[in-house]
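Put into C-alpha coordinates, the structure is as follows:
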(Lines of atoms letter the chains of each structure in order from A and count residues from 1; the text may use other names and numbers.)
(Lines give C-alpha, C1' and ligand atoms only; values in the text may rest on other atoms or scores of the structure.)
Protein backbone atom coordinates (compact mmCIF):
# COMPACT_ATOMS: atom_id res chain seq x y z
CA UNK A 1 0.00 0.00 0.00
CA UNK A 2 1.22 3.48 -0.81
CA UNK A 3 1.99 5.74 2.13
CA UNK A 4 0.18 9.08 1.99
CA UNK A 5 2.44 12.04 2.80
CA UNK A 6 1.81 13.68 6.16
CA UNK A 7 0.95 17.02 4.57
CA UNK A 8 -2.22 15.51 3.10
CA UNK A 9 -3.19 14.00 6.44
CA UNK A 10 -3.29 17.43 8.07
CA UNK A 11 -6.38 18.52 6.10
CA UNK A 12 -9.16 19.66 8.40
CA UNK A 13 -12.77 20.25 7.30
CA UNK A 14 -13.99 23.82 7.66
CA UNK A 15 -17.15 25.60 6.52
CA UNK A 16 -15.72 26.68 3.17
CA UNK A 17 -14.11 23.34 2.22
CA UNK A 18 -10.77 22.24 3.63
CA UNK A 19 -8.18 24.09 5.68
CA UNK A 20 -4.91 23.06 4.11
CA UNK A 21 -2.91 24.44 7.03
CA UNK A 22 -0.11 25.42 4.65
CA UNK A 23 -0.04 29.10 5.58
CA UNK A 24 0.64 28.18 9.21
CA UNK A 25 3.55 25.89 8.44
CA UNK A 26 6.22 25.93 5.79
CA UNK A 27 5.37 22.36 4.78
CA UNK A 28 3.83 22.28 1.33
CA UNK A 29 3.41 19.16 -0.75
CA UNK A 30 6.10 18.64 -3.31
CA UNK A 31 5.48 17.40 -6.83
CA UNK A 32 6.69 14.01 -5.62
CA UNK A 33 4.13 14.02 -2.77
CA UNK A 34 1.36 14.87 -5.21
CA UNK A 35 2.48 12.13 -7.60
CA UNK A 36 2.51 9.56 -4.77
CA UNK A 37 -1.02 10.55 -3.86
CA UNK A 38 -2.16 10.41 -7.49
CA UNK A 39 -0.64 6.95 -7.92
CA UNK A 40 -2.49 5.80 -4.82
CA UNK A 41 -5.78 7.18 -6.14
CA UNK A 42 -5.11 5.63 -9.54
CA UNK A 43 -4.46 2.18 -8.08
CA UNK A 44 -7.64 2.38 -6.00
CA UNK A 45 -9.63 3.40 -9.08
CA UNK A 46 -8.14 0.52 -11.03
CA UNK A 47 -9.15 -1.89 -8.27
CA UNK A 48 -12.71 -0.54 -8.35
CA UNK A 49 -12.86 -0.91 -12.13
CA UNK A 50 -11.78 -4.54 -11.81
CA UNK A 51 -14.50 -5.20 -9.24
CA UNK A 52 -17.08 -3.48 -11.43
CA UNK A 53 -16.15 -5.66 -14.41
CA UNK A 54 -16.58 -8.76 -12.25
CA UNK A 55 -20.00 -7.49 -11.17
CA UNK A 56 -20.97 -6.92 -14.82
CA UNK A 57 -20.03 -10.49 -15.73
CA UNK A 58 -22.08 -11.81 -12.80
CA UNK A 59 -25.00 -9.66 -13.93
CA UNK A 60 -24.78 -11.14 -17.45
CA UNK A 61 -24.73 -14.68 -16.05
CA UNK A 62 -27.76 -13.93 -13.89
CA UNK A 63 -29.65 -12.58 -16.90
CA UNK A 64 -28.91 -15.81 -18.80
CA UNK A 65 -29.96 -17.85 -15.77
CA UNK A 66 -33.26 -15.96 -15.49
CA UNK A 67 -33.90 -16.45 -19.21
CA UNK A 68 -33.28 -20.20 -18.89
CA UNK A 69 -35.55 -20.41 -15.84
CA UNK A 70 -38.36 -18.67 -17.73
CA UNK A 71 -37.97 -21.08 -20.64
CA UNK A 72 -38.08 -24.07 -18.29
CA UNK A 73 -41.16 -22.64 -16.57
CA UNK A 74 -42.94 -22.26 -19.93
CA UNK A 75 -42.11 -25.88 -20.82
CA UNK A 76 -43.30 -27.05 -17.40
CA UNK A 77 -46.58 -25.11 -17.71
CA UNK A 78 -47.14 -26.48 -21.22
CA UNK A 79 -46.83 -30.06 -19.96
CA UNK A 80 -49.14 -29.51 -17.00
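Numbering (the numbering used here), first residue to last: 598 to 677. No residue lacks a Cβ here, since even glycine has one placed at the ideal position from N, Cα and C. Bear in mind that the values here come from a model prediction, so they are computed numbers and not experimental data.
Collapsed DSSP secondary structure at residue i in the structure displayed
i	result
residue 627	coil
residue 678	The chain is shown only over 598 to 677; residue 678 falls outside these bounds and no answer can be derived.
Neighbourhood of residue i by C-beta, 6 Å cutoff - its chain only, sequence neighbours within 5 removed
i	result
residue 674	none
Residues of its chain near residue i, where Cβ-Cβ distance is below 7 Å and the 5 sequence neighbours each way are ignored
i	result
residue 631	none
Same chain, Cβ closer than 8 Å to residue i, neighbours up to 5 away in sequence not counted
i	result
residue 677	none
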